[in-house]
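What follows is one structure encoded as structure tokens, with my remarks underneath.
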Amino acid sequence: MEQRKEDSTLKDNVAECLEMLEIRNDVESTRTTEVCGQEAQQLRETCQHLLLCPYPVEEFELPTSLRLQELPLFPQWHLPLKVMASLMVSTFLYTLLRDVVQPLVTQSRNDSYKIPILVMNKVLPWTSITLLATVYLPGVLAAILQLHRGTKYSHFPDWLGRWMSVRKQLGLLSFLLACLHAIYSLSYPMRRSYRYKMLSWAYQQVKQNKEDAWVADDVWRMEIYVSLGILGLGVLAVIAVSSLPSVSEAFNWREFQCIQRNLGYLALLLCTAHALVFGWRKWVELKHYVWYTPPSFILASLLPAVVLSVKMVLCLPCLGRRLERIRRGWERPHSQ
Amino acid sequence: MEQRKEDSTLKDNVAECLEMLEIRNDVESTRTTEVCGQEAQQLRETCQHLLLCPYPVEEFELPTSLRLQELPLFPQWHLPLKVMASLMVSTFLYTLLRDVVQPLVTQSRNDSYKIPILVMNKVLPWTSITLLATVYLPGVLAAILQLHRGTKYSHFPDWLGRWMSVRKQLGLLSFLLACLHAIYSLSYPMRRSYRYKMLSWAYQQVKQNKEDAWVADDVWRMEIYVSLGILGLGVLAVIAVSSLPSVSEAFNWREFQCIQRNLGYLALLLCTAHALVFGWRKWVELKHYVWYTPPSFILASLLPAVVLSVKMVLCLPCLGRRLERIRRGWERPHSQ
Amino acid sequence: MEQRKEDSTLKDNVAECLEMLEIRNDVESTRTTEVCGQEAQQLRETCQHLLLCPYPVEEFELPTSLRLQELPLFPQWHLPLKVMASLMVSTFLYTLLRDVVQPLVTQSRNDSYKIPILVMNKVLPWTSITLLATVYLPGVLAAILQLHRGTKYSHFPDWLGRWMSVRKQLGLLSFLLACLHAIYSLSYPMRRSYRYKMLSWAYQQVKQNKEDAWVADDVWRMEIYVSLGILGLGVLAVIAVSSLPSVSEAFNWREFQCIQRNLGYLALLLCTAHALVFGWRKWVELKHYVWYTPPSFILASLLPAVVLSVKMVLCLPCLGRRLERIRRGWERPHSQ
Numbered sequence: 046m047e048q049r050k051e052d053s054t055l056k057d058n059v060a061e062c063l064e065m066l067e068i069r070n071d072v073e074s075t076r077t078t079e080v081c082g083q084e085a086q087q088l089r090e091t092c093q094h095l096l097l098c099p100y101p102v103e104e105f106e107l108p109t110s111l112r113l114q115e116l117p118l119f120p121q122w123h124l125p126l127k128v129m130a131s132l133m134v135s136t137f138l139y140t141l142l143r144d145v146v147q148p149l150v151t152q153s154r155n156d157s158y159k160i161p162i163l164v165m166n167k168v169l170p171w172t173s174i175t176l177l178a179t180v181y182l183p184g185v186l187a188a189i190l191q192l193h194r195g196t197k198y199s200h201f202p203d204w205l206g207r208w209m210s211v212r213k214q215l216g217l218l219s220f221l222l223a224c225l226h227a228i229y230s231l232s233y234p235m236r237r238s239y240r241y242k243m244l245s246w247a248y249q250q251v252k253q254n255k256e257d258a259w260v261a262d263d264v265w266r267m268e269i270y271v272s273l274g275i276l277g278l279g280v281l282a283v284i285a286v287s288s289l290p291s292v293s294e295a296f297n298w299r300e301f302q303c304i305q306r307n308l309g310y311l312a313l314l315l316c317t318a319h320a321l322v323f324g325w326r327k328w329v330e331l332k333h334y335v336w337y338t339p340p341s342f343i344l345a346s347l348l349p350a351v352v353l354s355v356k357m358v359l360c361l362p363c364l365g366r367r368l369e370r371i372r373r374g375w376e377r378p379h380s381q
Numbered sequence: 046m047e048q049r050k051e052d053s054t055l056k057d058n059v060a061e062c063l064e065m066l067e068i069r070n071d072v073e074s075t076r077t078t079e080v081c082g083q084e085a086q087q088l089r090e091t092c093q094h095l096l097l098c099p100y101p102v103e104e105f106e107l108p109t110s111l112r113l114q115e116l117p118l119f120p121q122w123h124l125p126l127k128v129m130a131s132l133m134v135s136t137f138l139y140t141l142l143r144d145v146v147q148p149l150v151t152q153s154r155n156d157s158y159k160i161p162i163l164v165m166n167k168v169l170p171w172t173s174i175t176l177l178a179t180v181y182l183p184g185v186l187a188a189i190l191q192l193h194r195g196t197k198y199s200h201f202p203d204w205l206g207r208w209m210s211v212r213k214q215l216g217l218l219s220f221l222l223a224c225l226h227a228i229y230s231l232s233y234p235m236r237r238s239y240r241y242k243m244l245s246w247a248y249q250q251v252k253q254n255k256e257d258a259w260v261a262d263d264v265w266r267m268e269i270y271v272s273l274g275i276l277g278l279g280v281l282a283v284i285a286v287s288s289l290p291s292v293s294e295a296f297n298w299r300e301f302q303c304i305q306r307n308l309g310y311l312a313l314l315l316c317t318a319h320a321l322v323f324g325w326r327k328w329v330e331l332k333h334y335v336w337y338t339p340p341s342f343i344l345a346s347l348l349p350a351v352v353l354s355v356k357m358v359l360c361l362p363c364l365g366r367r368l369e370r371i372r373r374g375w376e377r378p379h380s381q
Numbered sequence: 046m047e048q049r050k051e052d053s054t055l056k057d058n059v060a061e062c063l064e065m066l067e068i069r070n071d072v073e074s075t076r077t078t079e080v081c082g083q084e085a086q087q088l089r090e091t092c093q094h095l096l097l098c099p100y101p102v103e104e105f106e107l108p109t110s111l112r113l114q115e116l117p118l119f120p121q122w123h124l125p126l127k128v129m130a131s132l133m134v135s136t137f138l139y140t141l142l143r144d145v146v147q148p149l150v151t152q153s154r155n156d157s158y159k160i161p162i163l164v165m166n167k168v169l170p171w172t173s174i175t176l177l178a179t180v181y182l183p184g185v186l187a188a189i190l191q192l193h194r195g196t197k198y199s200h201f202p203d204w205l206g207r208w209m210s211v212r213k214q215l216g217l218l219s220f221l222l223a224c225l226h227a228i229y230s231l232s233y234p235m236r237r238s239y240r241y242k243m244l245s246w247a248y249q250q251v252k253q254n255k256e257d258a259w260v261a262d263d264v265w266r267m268e269i270y271v272s273l274g275i276l277g278l279g280v281l282a283v284i285a286v287s288s289l290p291s292v293s294e295a296f297n298w299r300e301f302q303c304i305q306r307n308l309g310y311l312a313l314l315l316c317t318a319h320a321l322v323f324g325w326r327k328w329v330e331l332k333h334y335v336w337y338t339p340p341s342f343i344l345a346s347l348l349p350a351v352v353l354s355v356k357m358v359l360c361l362p363c364l365g366r367r368l369e370r371i372r373r374g375w376e377r378p379h380s381q
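Residue numbers (our numbering), protein chains in the order written: chain A, 46 to 381; chain B, 46 to 381; chain C, 46 to 381.
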């Protein structure tokens, strides 16, 4: 009780402090602005000094004592980084096998020049979209669990809880890889390899006396998936910016949820469409199944497609309404 | 009076708290750093926990009560988003009419493949530069109003006040669209449509036995407007970053104004020049007025050009000095 | 003593306030959430109002008094901006001389169209990597100084201290220029000049009846340096984001140092490799030494290479261990 009272008074203090700082910034108060201005200035400078990174960059600037005590090193990021690393390694090996090893073995054609950019740029989008899917998978799983249990008042298994706690990190890593993927893709036509290919294509076209090599199908496919990819990246960028501490702090629950959930699913939808349109009808053409391995876009878009479709099922009236009730606190009779 | 005193003490408290936190971060104090370090650590962790978004992403994580109370949803963004949406729709229809419908009707040529990227990429810059102009238009209007009234001590009409209050949002939307425009433009040469066009051009050049198709005029035009566009985007990026809460908080009035006003007008100038150089001398060539409609770059650069020229007029000594006096509090005798 | 006590109580107050705010955000506490939610809401709104930039953009919104008092204008940025400007001017003149003036004089070939993009895009990376090197040079110098003096308890010369205090600004400028460099490079193939060059190359290839112009060496060179450049930019982006006030505030000493030092040196390494692979074996081909001036990539990668190699030397066991001891407070007997 005593504690409560103190709390509330403290709360008032903070509120008042904030208001007071606010008053300083109030630009309407022309009277006594000079003094206010100065006070605000000094206050702001203190804040500024506090905000602008006050940490030393060089080891020797550290107090000697500190280097002894072991500070934690990004505990929240260990799991996401491990997931990302393992995904990148496996996708890299898979792509290397299909794009470099296979032609070398079967046609003894050396395409190893593809490794630095073309292979990299299959690894990046694949990992990126998979990470993005893992951001929204736990929420879907939790919803299914709640529907099954018929209540919200029972704890989730630890692995699910831990997974949920690193969704932000997974999303940010996915965004970073998506940006790199965009730059890699944009760099294609500036490469020498592309130029030489173009020149030899031109040469062949002239030799074959083919006036126009226009393939409407290819054109449409590319225009659409490039556009979808750019829009997806734009949406991801908005989400990433909104999760900066100082920005997300300025949101209320509803606003934050609107961005992180609605925009998030929109981004996942755009990226999955981007992958599927990129694939176009490759998935029916046998020549893309080198050594009986499916093209990477199929494997890449599987998980996101599953997440999206399950989410859609959960939004169906019948299930949606029940989930709604459960989340408002309703419990199925004799649940558990 | 009593209130005043309390305020001042509270102010001191806050200042002291901040200083104290600062002391913790002070890396010179080698003595007693261990304990300080720990305290600073614990304090920082509390802050951290507070700063890193503490909001739930999944509905069911929300307290049941909260979903009942209706929180506001980005009240500041409604107007800017509506403006942007309407601008995009109208520019889209205009471009669609000129670039897709007209060739279809007159030459029955199907250019619908242009919609996903080429049409989009006329809508984006057009909307972006218009939004950027609307950020600086109200300031100009307000200045004119003050010159007319001869005083600063009279309220602006509500619409102008409301407009001024959403300039930040308008600017950020303009920046987002500008970034998308940049990515869309950079993606041009990687598209199949571009490749096929190149090949057929090469074919024709060989057939016409034309050794070099160099058009100095075209080259210069493109080099300049691409360079101007990139620089404009760079300036916009600096302004956008500087308007992040935690960054802008670290500025004083003069610094913030210097960035938001001087850099802002510089960006507007660069983008308008970008649009005009893009147009080059299209505005005199009749063939660009399909169905008697002016090319979009003309319509796009009208508003920014007006804003910039009015601003320049307002900076002329005669008007500038009077505006200066008014803003320092001077009033025209018997104004009102 | 009295002061100490008050301090500690104040510290407790702040800690409690923060905790209290935290409690409000605690989503597990379903009981009394409504009221908590509201309080948190109101508190958050106050913060929000405080955080979202409360500064006026138009002059007349300023209190009349304020314009009189002279606020500082980015004191921390003066030196870095001056350094950047002088670097850009000198590199611009050097590149202009080599790429535009020399061909004009010797072969009376007018390449002035190169100025807006091609020359700019040699100035940007050169300045960027030099600035990045200057971020890590002072740390290396300080380490050497400490090894020489055999103690950490003696002040650095003022110029070194001042240099160290603007490393953040130098790094951010370097990142900005690196981004511009990336966009400029990506815009190469969309330019008319590139298109016309391609067409004439295709023409020649057909005339020379050369089926394939593939130069494996060139291809490898470009694939590698483009890839290295993109990765370098990605690492720089992570560092830049981590130095946003609200983000860096959420780190502890070790985390911040890990990012700013390890990632920083990684970025410097990647960018230097990017420059050297770009140069490939140009540095042995005499034709690249027009008017006896070395190609810019050599001059650009000199400083970073020096910084990196000295850093590596300092990491050698013999020196590294001694440096370690010194930084833990050990002093060479009768040092000074």
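For each residue, glycine too, the CB sits at the ideal point set by N, CA and C.
Would residue i and residue j qualify as a contact pair, given that the criterion is a beta-carbon distance under 7 angstroms?
i: T179(B); j: L132(B); result: no
i: Y233(B); j: V264(A); result: no
i: Q19(B); j: W336(B); result: The requested residue 19(B) is not part of the displayed model; chain B covers only 46 to 381.
i: F119(C); j: E330(B); result: no
i: L315(C); j: L273(C); result: yes
i: A247(B); j: A247(C); result: yes
i: L218(C); j: L176(C); result: yes
i: V280(C); j: A312(C); result: yes
i: E268(C); j: I162(A); result: yes
i: E376(A); j: T140(A); result: no
i: L116(B); j: N307(A); result: no
So the alpha helix (DSSP H) residue i belongs to, where does it begin and stop?
i: G206(A); result: 203-210
i: P248(B); result: What sits at residue 248(B) in the sequence shown is Tyr, not Pro. Start and end: 237-252.
i: G374(C); result: Per DSSP, G374(C) belongs to no alpha helix (DSSP H) and is neither H nor E.
i: P349(C); result: 341-359
i: F301(B); result: 298-302
How is residue i classed by DSSP in three states: helix, strand or coil?
i: T196(B); result: coil
i: Q191(C); result: helix
i: A312(B); result: helix
i: L113(A); result: With a pLDDT of only 43 at L113(A), under 50, the local geometry of the prediction cannot be trusted, and the value read off the model is given with reservation. If DSSP states are grouped into helix, strand and coil, L113(A) belongs with coil.
i: Y139(A); result: helix
i: Q152(A); result: coil
i: F119(A); result: coil
i: W325(A); result: coil
i: D257(C); result: coil
i: S219(B); result: helix
i: Y337(A); result: helix
Could you tell me whether any non-hydrogen atom of the ligand ATP is closer than 6 angstroms to the CB of residue i?
i: W208(B); result: You won't find the ligand ATP in this model; it holds no ligand whatsoever.
**Item:** Minimum length 3: unbroken beta strand (DSSP E) runs contained in the segment 260-292 of chain B
**Value:** Within the segment 260-292 of chain B, no complete beta strand (DSSP E) run reaches 3 residues.
**Prompt:** Relative to chain E, which residues along the segment 211-229 of chain A have a C-beta separation below 8 angstroms, given in chain order?
**Reply:** Of the protein chains in this structure, namely A, B and C, none is chain E.
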